[in-house]
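Before any comments, here is the structure.
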Amino acid sequence: MHIPVLLKETIAALDPQPGCVYIDGTLGQAGHASAVMRLAGESGRLLGIDRDGEALVRAKNNLLRDQIPGTHTLVHGAHGDIGTIAQANGFEQVDAILLDLGVSSDQLDTPERGFSFRQDGPLDMRMRNDAGETAADLVARLSVPEMTTLFKELGEEKRAYAIAKAIDRERQKAPFTRTLQLADCVAKAVGTAHTKGRHPATRVFQALRMAVNDEMGDLRRALEAGIRLLKPGGIMAILTFESLTDRVVKQTFKAHCGQEVSLQQGGSEWRGILPKTELILKKAVCGQPEELESNPRARSAKLRAVRRVED
Ligand SMILES: C[S@@+](CC[C@H](N)C(=O)[O-])C[C@H]1O[C@@H](n2cnc3c(N)ncnc32)[C@H](O)[C@@H]1O
């Protein structure tokens, strides 16, 4: 079962009021969405988006089972398209938006989805598992320099070249089709000396998952379009699990918060990217010790949030 991460802190940041118009761009099992909608009440409206059709079915069942109030519109799609999805479904000028990025426990714990380096499964990693290139396709197609760049940029993997070379040697004998086949190859190439207790293939799997699902592209598009969908006073909260995505969120929020610059002729001028926002949380919020103990997924979680203000 997926336990919503930083639930209390996320709800405090989003501060949903009765009648809240809310977009959840990573609906998952509707854990966060249910908590928001309980506060939004019968007049609240939810637009839940998920790339994973199986997640949407579970979310729908959970919303029904728990008699979550309000009207619910669930859409199979990517949050990178949040602008067009919102417009098509009559969600403009919204009160709150949440993105809880990354993989759900359901996806991770289902070997057939191919996200796990601990359990064997097909090397897939597609969130939308009925279309597009799989991780196996990517590992077969990319050259050694391309793989090196991918592992460095999206995995922040220091041994990227050695890993890419090892993969290249192995794939000449047999194509990579299974998760453990790749995890073992990476482990042999890098050893366990510098992985600080993490599985040596963690970063390579992260890079492949991000590339297969265009996670950085989707995130950038969702942040920009999402901020534009907020009404003045509306709030966007983002939960990240890797430094790479957290950096993009932090920089985007900083650019929209802008700054007052003193002018030579006196006075000052606001410089930044419109629409204008202000930080609700001055710093990223992390999990409290009790949560970190009971929910391992919360260990790397960071929550950031902004409020849209009048331009
Ligand atoms: C961490 S889970 C969300 C869990 C949810 N907050 C809950 O409490 O149940 C992330 C979900 O986002 C979905 N997802 C990941 N990237 C996505 C994207 N670009 N667009 C839409 N959904 C995405 C995944 O399929 C997964 O179901």
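Quick note: the sequence shown uses this note's numbering, first residue 21, plus one each step. C-beta atoms are modelled at their ideal positions from N, C-alpha and C, and glycine is treated no differently.
Counting other Cβ atoms within 10 Å of its Cβ, Thr-91 stays below 16 and is therefore classed as exposed. At the C-beta level, Pro-295 and Asp-331 come within 8 angstroms of one another. Here DSSP, grouped into helix, strand and coil, assigns Val-123 to coil.
Under DSSP, no beta-bridge partner is assigned to His-219.
Assignment of Ile-255 by DSSP, reduced to helix, strand and coil, places it in the strand class.
For Asp-126, same chain residues with a beta-carbon under 6 angstroms away, outside a window of 5 residues either side, are His-22 in chain order.
Contact between Ala-203 and Ala-221 holds, with the beta-carbon distance rounding to 4 angstroms and staying under 8 angstroms.
Beta-bridge pairing by DSSP links Leu-323 to Leu-259, Val-305. Boundaries of the alpha helix (DSSP H) harbouring Glu-190: 180-191, taken from the DSSP string. Taking Val-268 as the centre and dropping the five residues before and after it, the same chain places the C-beta of Met-236, Leu-239, Arg-240, Leu-243 closer than 8 angstroms to its C-beta, in chain order. Distances from the CA of Gly-254 to each of Ile-117, Leu-47, Arg-189 were compared; the closest alpha carbon is that of Ile-117. Counted as a single uninterrupted DSSP element, the beta strand (DSSP E) harbouring Asp-70 occupies residues 65-70. According to DSSP, residue pairing for Ser-136 in a beta bridge does not occur. For Met-145, the CB stays at least 7 angstroms from every heavy atom of ligand 1.
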